[in-house]
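There are 2 protein chains.
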Amino acid sequence: MKKIVKHDQDVTKQHNKQMILDIIKKQRPISRAEITKITKMSATSIGRFVSELCEEGFIRETNLTSSGLGRKAVMLDIEPGAIYSIGVDIEKKRISFGLMDFSETVTVYRRVDYLAQKSTPGETAELICREIRAMVEEQNLPYEKVIGIGIGVPGVINYEQGIVQFSATLGWKNVAFAKRIEAELQIKTVIDNDLKVKILSEYLYGSAKGSNKTALIGIGTGIGSALIINGEVFRGGSNSAGELGHTTLDPNGNLCDCGKRGCLQTYVDENSLIMEARRVSDITDVRQVYAAARNHERWAKEIVWRTALYIGITINNIVCMYNPDTVILSGDLIENYREIVDLVEEHSEQVIWEPFRGTFKVIPSELRGDAIVMGAGALAMQHFAPLAGKQADE
Amino acid sequence: MKKIVKHDQDVTKQHNKQMILDIIKKQRPISRAEITKITKMSATSIGRFVSELCEEGFIRETNLTSSGLGRKAVMLDIEPGAIYSIGVDIEKKRISFGLMDFSETVTVYRRVDYLAQKSTPGETAELICREIRAMVEEQNLPYEKVIGIGIGVPGVINYEQGIVQFSATLGWKNVAFAKRIEAELQIKTVIDNDLKVKILSEYLYGSAKGSNKTALIGIGTGIGSALIINGEVFRGGSNSAGELGHTTLDPNGNLCDCGKRGCLQTYVDENSLIMEARRVSDITDVRQVYAAARNHERWAKEIVWRTALYIGITINNIVCMYNPDTVILSGDLIENYREIVDLVEEHSEQVIWEPFRGTFKVIPSELRGDAIVMGAGALAMQHFAPLAGKQADE
């Protein structure tokens, strides 16, 4: 049922002010006259909103002036130091942090070693809080300027309630992780599935810029996927869409650590590569397989060839289910051996359903290691920035 | 970027009038006082909108009066004969039609035999137009009361442009089918993928009522899927999401008529059942396999058991990718042997990824054969009903 249209002046004012801030953020530097032209609002209204935003510290007048004919106009820009968010990326062997300013630039990175399987949720939260405190203090930032924390976590995440429902990488089940961080630091915190954070990042800053129908496949230890359509991350019923790794290929296939047989990730992730390789060579790391393949060793080339075939199948299955116009390949398995993207292309005639051939492009991730830190920072900005639309829901 | 809030009085009036019509449609019969209470608008405004809607013929005053205390109020209802739409379901061997009135009841059904593979798009359009004309004339309906036609077509459909991009069932490629019907009958026409129409129908009238995160699997000759989230059919990038049948299970598996190997539909559709059965028995129809299974013939029970296993795998893969709270099983393969739903349930421990177990229910379709006719009629109502929100886009 449609909602009644209300002519609430405060709501309208807030909405227009936010819109002007968004315009300045996206098109900076920009003059008052240009904003007036874009919004078709009166110059007086624009002037008033701009003054308010200046006073509140969100924007500032720059030394630049407009270059066209006529009277020189002062250019407006946002104030990067107005507010900050913190993006966190929890991986199997390390945790990465980034301090993102209001211009959505990550100005400080930080990384610590970590052993997911040997750390309790409590220890992990403690480590994260300690590092965030150190980072904020090193920068001499007042805590109230940090408006939120975003954390990308590998696993099935209840995004609305901030709960890690299940994470094979971390070995956690039903951990209310966002609340632990909030309680300790008194900073609002949002957590989300790592690949959903990553695709948001690719959409805002990376390979998916300008595409509105992008799927991302992440292959490392395990395999997963995410989808963004018209700027919205596709979440499914309870934020768990995209768990590609446990789709079944073969009911009599390889045993997976989830207890099922024939899961896709038993054919294509790092562990499956290493297990294959160990039949003929004493290796411990997937990079050794890649080195051997580059060295034209027959067994390694065969493994890489077969991996490319299964990546091709994965792409076909994603395209059949999600029908994207772009597929981004990401994760350590890809990033350590970019040549594999061409090999996948060679298989495409064999593995892609004919009506979909030519309807999408396959590209490697642009952002690589920092994507999740950036996306998590952006997620926190979207959720917690003052004035932003989302705030009314808190 | 957010849009500027405009205080356009006509738009607001139109919006509120449509809302009142929607309320009457959903909660009929209803009194003016109840509408006033729900909308929180003034009694005068409600009175004026109701008068307008009566004059325009969309609603009427009934003989019923309200039952509570106080002054008896006249109850309002919609006028079923105000406008009509026509729903069409094109299948391999028949085409079904339904005349849907403004109360969204299909009052007349019609069905004709048809051989998809032996008919050109032109012949098919001719047949459809002839039957629609006959149906409208039999009912003595003035043509201008039929505001639109909706058609469910098996295949990859460009929904916005009304083009059948690819249909294996019909043997068509790139046919601008909606335009043909429109040109012939001078009635606006929308076409969509059959399973997308079916899930809309299940959402509005059937098993998916009340669930907002429902996936549907259709298994007959071929296998496909659809998803509805918060009342919106999930379309993917170009309306082709859900092509489950050509996801690959095994790169060395059964050859599919699409030219690939190991497509899911080579393991689970009617043709695959028949082919399996013909190794040991001279059957031509899947119903013979089911009859034999009911008769406890070992080979037939084995085939049905294996089919249930692959349906279970299909459900796992849908749930991993879409994360729905309900999965509807539909199509001839299910509807001719409802017992299979229990057999699928028995496999679930083996085939469903553990974190998703218990997060969704599996139910057979309620609407069976008429779902697509009803959904197509509803689709046409949504698209073409006067006053409705969509009309502004035409």
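Residue numbers (my numbering), protein chains in the order written: chain A, 86 to 479; chain B, 86 to 479.
All C-beta atoms in this analysis are idealised placements derived from N, C-alpha and C, irrespective of residue type, glycine included.
{"Asked": "Beta-ladder partner(s) of residue 390 of chain A, from DSSP", "Found": "Answer is none; residue 390 of chain A lacks a bridge partner."}
{"Asked": "For residue 288 of chain A, three-class secondary structure by DSSP", "Found": "helix"}
{"Asked": "Endpoints, alpha helix (DSSP H) assigned at residue 443 of chain B", "Found": "Here residue 443 of chain B belongs to no alpha helix (DSSP H), and DSSP marks it neither H nor E."}
{"Asked": "Runs of alpha helix (DSSP H) wholly within the segment 236-273 of chain A (minimum 4 residues, chain order)", "Found": "262-270"}
{"Asked": "Where residue 132 of chain B sits in the DSSP three-state scheme", "Found": "helix"}
{"Asked": "Neighbouring residues, chain A, relative to residue 335 of chain B (Cβ below 8 Å)", "Found": "334, 335"}
{"Asked": "Chain A contact residues for residue 326 of chain B, given Cβ-Cβ distances below 8 Å", "Found": "406, 407, 408"}
{"Asked": "Within 7 Å of chain B by C-beta, residues of the segment 234-247 of chain A in sequence order", "Found": "241"}
{"Asked": "Nearest-angstrom Cα separation, counted from residue 372 of chain A out to residue 211 of chain A", "Found": "32 Å"}
{"Asked": "Min CB distance residue 386 of chain A to chain B below 7 Å", "Found": "no"}
{"Asked": "Where residue 348 of chain B falls: helix, strand or coil (DSSP)", "Found": "strand"}
{"Asked": "Option nearest residue 370 of chain B by Cα separation, candidates B:129, B:427, B:418, B:200", "Found": "B:418"}
{"Asked": "Exposure of residue 253 of chain B, with buried meaning 16 or more beta-carbon neighbours within 10 Å", "Found": "buried"}
{"Asked": "Residues that residue 250 of chain A contacts on chain B, provided the C-beta gap is smaller than 7 Å", "Found": "440"}
{"Asked": "Span of the beta strand (DSSP E), counted from its first residue to its last, around residue 143 of chain A", "Found": "Taken as a continuous stretch (DSSP letters only), residue 143 of chain A belongs to no beta strand (DSSP E), as it is neither H nor E."}
{"Asked": "CB contact check: residue 298 of chain B to chain A, cutoff 7 Å", "Found": "yes"}
{"Asked": "Distance, residue 394 of chain A Cα to residue 383 of chain B Cα", "Found": "38 Å"}
{"Asked": "Interface partners of residue 400 of chain B on chain A, CB under 7 Å", "Found": "Near residue 400 of chain B there are no residues of chain A at all, since even the closest Cβ is about 10 Å away, more than 7 Å."}
{"Asked": "Residue 333 of chain B versus residue 332 of chain A: straight-line alpha-carbon distance, rounded", "Found": "11 Å"}
{"Asked": "For residue 461 of chain B, three-class secondary structure by DSSP", "Found": "helix"}
{"Asked": "Contacts around residue 443 of chain B, its chain only, beta-carbon distance under 7 Å, and the 5 residues preceding and following it disregarded", "Found": "none"}
{"Asked": "Residue environment, residue 298 of chain B, which counts as buried when at least 16 other CB atoms sit within 10 Å", "Found": "buried"}
{"Asked": "Neighbour list for residue 344 of chain B in chain A, Cβ cutoff strictly below 7 Å", "Found": "439"}
{"Asked": "Residue 203 of chain A burial status per 10 Å Cβ neighbour count (16 or more: buried)", "Found": "exposed"}
{"Asked": "Chain-order list of residues whose beta-carbon lies under 8 Å from that of residue 109 of chain B (same chain, five-residue window excluded)", "Found": "115, 120, 138, 144, 161, 162, 163"}
{"Asked": "Candidates A:243, A:237, A:271: closest to residue 214 of chain A by CA position", "Found": "A:271"}
{"Asked": "Element boundaries [alpha helix (DSSP H), containing residue 357 of chain A]", "Found": "355-362"}
{"Asked": "Secondary structure, alpha helix (DSSP H): runs of 4+ residues fully inside the segment 405-437 of chain A", "Found": "417-420, 425-436"}
{"Asked": "Residue 299 of chain B - containing alpha helix (DSSP H), residue span", "Found": "Taken as a continuous stretch (DSSP letters only), residue 299 of chain B belongs to no alpha helix (DSSP H), being part of the beta strand (DSSP E) at 298-305."}
{"Asked": "Rounded straight-line distance, which links the Cα of residue 208 of chain B to that of residue 262 of chain B", "Found": "11 Å"}
{"Asked": "Among A:292, A:195, A:159, nearest to residue 171 of chain A - alpha-carbon criterion", "Found": "A:195"}
{"Asked": "DSSP three-state assignment for residue 317 of chain A, whether helix, strand or coil", "Found": "strand"}
{"Asked": "Closer than 8 Å at the beta carbon, the chain A residues around residue 436 of chain B", "Found": "333, 336, 345"}
{"Asked": "Residue 169 of chain B (DSSP reduced to helix, strand or coil)", "Found": "strand"}
{"Asked": "Those residues which DSSP pairs with residue 185 of chain B across a bridge", "Found": "B:170, B:191"}
{"Asked": "Own chain partners of residue 357 of chain B with C-beta closer than 6 Å, once the 5 adjacent residues on each side are dropped", "Found": "351"}
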